[in-house]
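If you're matching positions, the sequence shown starts at -12 in this note's numbering and goes up one per residue.
Beta carbons: idealized from backbone N, C-alpha and C, even for Gly.
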Amino acid sequence: MSNYHIKHLEEYFQVYRKSVRNPEAFWEEIAEEHFVWRKRWDNVLSWDFKKPEIKWFEGAKLNITENCLDRHLPTRGTKTAIIFEPNNPKEEAIHITYRQLHERVCRMANVLLDHGVKKGDRVCIYLPMIPELAVALLACARIGAIHSVVFAGFSSNALSTRINDSDCKMVITSDGSFRGTKSIDLKGIVDKALEECPGVENVLVVKRTGSEIYMEAGRDKWLQPLLDEAYADCVAEIMDAEDPLFILYTSGSTGTPKGMVHTTAGYMVYTAYTFKNVFQYTENDVYWCTADIGWITGHSYIVYGPLANGATTLMFEGVPSYPDFGRFWDVIQKHKVNQFYTAPTAIRALAKENLEYVEKHDLSSLKVLGSVGEPINEEAWHWYNNNIGKKNSPIVDTWWQTETGGIMITPIPYVTPTAPTYATLPFIGIQPALMDENAKELKGNQVEGRLCIKFPWPAIARTIWGNHDRYRDTYFSAYENMYFTGDGALRDAVGYYRITGRVDDVIIVSGHNLGTAPIEDSINEHPAVAESAIVGFPHDVKGNALYGFVILKETGESRDRENLRKEINQQITEHIGPIAKLDKIQFVSGLPKTRSGKIMRRILRKIASNDTSNLGDTSTLLNPEIVQEIMDNAL
Ligand code: 6R9
């Protein structure tokens, strides 16, 4: 029992040692004591990072929704599972109890079944942060359908790519969404996407904004009348431990987005166990994670992790700036939030505003503050610690990825002493390694290298949907017998980890991962553009912003540059979404290339960051003269 909730540093070290000396025995005990199973596993773990193939709790049978809902009903039936805080503070917040959530999930599951959705089918969910979003995930899980949530800020093009990649037969969406003063036509985006998606048979539509929308006969249906008629109970589909639970897309450095596949049992055990410890959740706490369920943070730490622990999890529909910059602090005061989990980009944006927005609110309920998505800089860390935590709430800087399913390197609050900019120590069961350029492991402390993980943990993604080769090439081919994260990190004198950032062509802008290749592809489709290259440069709110170097075709040369910039950003908005827009666009006559034709992004990165004192060796370039021209005209 004691291993489930770690309360002292010594206990952490002791449990950590146990978890790496005998991982099977360790995870078996956690799985056995804290979850409900329809059948016990035959084997705790089998793995091979070469194939790669990873299986946890093989042979076990379960349904994750029985762990997140049914088992709580006798003791927590009237406890609030979800608090819904709407965009408009004048609209009343909604408290959904475990019993009500169970009923809503069952009704939606029955509607899915009525529309022919079966175990293993893929359902695309494109919804704003309203309760139906969480219900839709769980309804899929109830019947064994695989959900694929697409963040509702993505464009129709990005949506259709994802729908087609995983052959979704159904889309669940809403008429629209509220974001601050804006109302967004989500259904219009879906309609446009579906022009490219012949495989979609049904579209279920939640009414949220009440705006006039087009409904295609035979395909589109309002969800509410169907839910009203549906039966309020639904027998859970019994799943194998390794049956896929969901697909979630993440950007790669090249090509199409990667549909990371997470399976049932290991993901459940790991997200529940990390949630309990990383947030030190106790029974009557109110927990709030500000992420969108369209990202992994929302999947693991708004829905599955909290609900598996019988927690109260808050879902916020709005934005931090509406009706004013005090909204987050207002929500914390209103619902007496105990654990607050957000992103550095939000902290930096709010730290720029008048401190009065913070000071007029009572934040004394807070016990734990969390950070995720990108490195948190020292200034933001101190602002968060001083003004929100009042130096009284430890900050957990949690490093992890879509691929890892759950938190990997993090302090445990009130257990691990925190240090600004450090994610500190590996979580229980996690075995990090730092590698040098020669693929040798850097042993000991005070070393810096590429961050890998040496041993499987229960929530590691099992494959990329439809492309196992890409899964192997991306994560398991750089270093033998290791999972490669794509991040760099250092280990300091006491063994604390600091994540130094991506070492590949993924750029993290406001906590969103963006691959350079899809953005460049989108720019290159503009009729006036011949070629382009994107790099990141430091930005005081977004962490990184995008800088584009663009070569025009002859036909583009005579065009007005400002108009071209607008058109390029418009094109990116349509292809990917507004999050991928460029902050700066410089028109150039060439790009620095190696003799093999590769763009030397290292040089462009330095120019974009205005750090040209040491450009390194440019003599191997095919066209070294271009560097001076680009530098002279840098923005
Ligand atoms: C959970 C999530 C993953 C990438 C990851 C890294 C960066 C996330 C971080 C962090 C420094 C932290 N990242 N947390 N960098 N410190 N605490 O964000 O998943 O969207 O897949 O992003 O985000 O670069 O590799 P995902």
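In this structure, L551 sits near H513, with a CB-CB distance shorter than 9 angstroms. V110 counts as buried, since no fewer than 16 other beta carbons sit within 10 angstroms of its beta carbon. In the three-state scheme derived from DSSP, where H, G and I count as helix and E and B as strand, E435 is classed as strand. Taking the C-beta atoms as reference points, V496 is found no nearer than 9 angstroms to G502. Secondary structure within the stretch 79 to 108: the alpha helix (DSSP H) runs of 4 or more consecutive residues, fully enclosed, are 85 to 101 (chain order).
Nearest C-alpha to N531 among T332, G436 and K354: T332. The DSSP assignment places complete beta strand (DSSP E) segments of no fewer than 3 residues inside the stretch 549 to 614 at 571 to 575, in order along the chain. Under the three-pair Cβ rule at 8 angstroms, the stretch 135 to 142 does not count as touching the stretch 193 to 205.
The three-state secondary structure of W368, taken from DSSP, is helix. Proximity of the stretch 370 to 383 to the stretch 400 to 409 meets the contact definition, three or more beta-carbon pairs being nearer than 8 angstroms. Beta-bridge partners of K66 (DSSP): none assigned. By the C-beta density criterion, L342 is exposed, having fewer than 16 other C-beta atoms within 10 angstroms. Separation of the CB atoms of D479 and N432 is rounded to 7 angstroms, and the pair is thereby assigned contact status at 8 angstroms.
G246 has its alpha-carbon roughly 23 angstroms from the corresponding atom of T277.
C111 has S135 and V158 as its beta-bridge partners, per DSSP. DSSP, reduced to helix, strand and coil, places L191 within a strand of the structure shown.
Y470 places its beta carbon 9 angstroms or farther from that of K427. E435 has its Cβ no nearer than 8 angstroms to any heavy atom of ligand 1. Comparing C-alpha distances from A621 to each of S545, E229 and G535 shows the shortest one belongs to G535.
Linking N454 to D152 through their CA atoms gives a straight-line distance of about 10 angstroms. Going by C-alpha positions, E11 is about 6 angstroms away from V31. In terms of Cβ geometry, G376 and F266 do not form a close pair [threshold 9 angstroms]. Within its own chain, the residues whose Cβ lies closer than 7 angstroms to the Cβ of F13, once the five positions on either side in sequence are excluded, are K5, S6 and G416, listed in chain order. For N500, the distance from the CB to the nearest heavy atom of ligand 1 is below 8 angstroms. Boundaries for R58: no alpha helix (DSSP H) harbours it, and the DSSP string shows neither H nor E there.
Assignment of N374 by DSSP, reduced to helix, strand and coil, places it in the helix class. Nearest in C-alpha terms to I538, of all of Q615, I521 and V516, is V516. If you check the C-beta of G360 against ligand 1, you find a heavy atom less than 8 angstroms away.
Inter-segment contact for the stretch 323 to 340 and the stretch 348 to 357 is present: three or more beta-carbon pairs are separated by less than 8 angstroms. Closest by C-alpha distance to I225, out of A567, L210, T237 and A252, is A252. With a cutoff of 8 angstroms, E390 counts as near ligand 1, since its C-beta is closer than that to a heavy atom of the ligand. Per DSSP, reduced to three states, the secondary structure at T411 is strand. With a minimum length of 3 residues, the unbroken runs of beta strand (DSSP E) contained wholly in the stretch 287 to 330 fall at 299 to 303 and 326 to 329. D474 and A367 have their C-alpha atoms roughly 21 angstroms apart. In the DSSP assignment, the residues bridged to R485 are L477.
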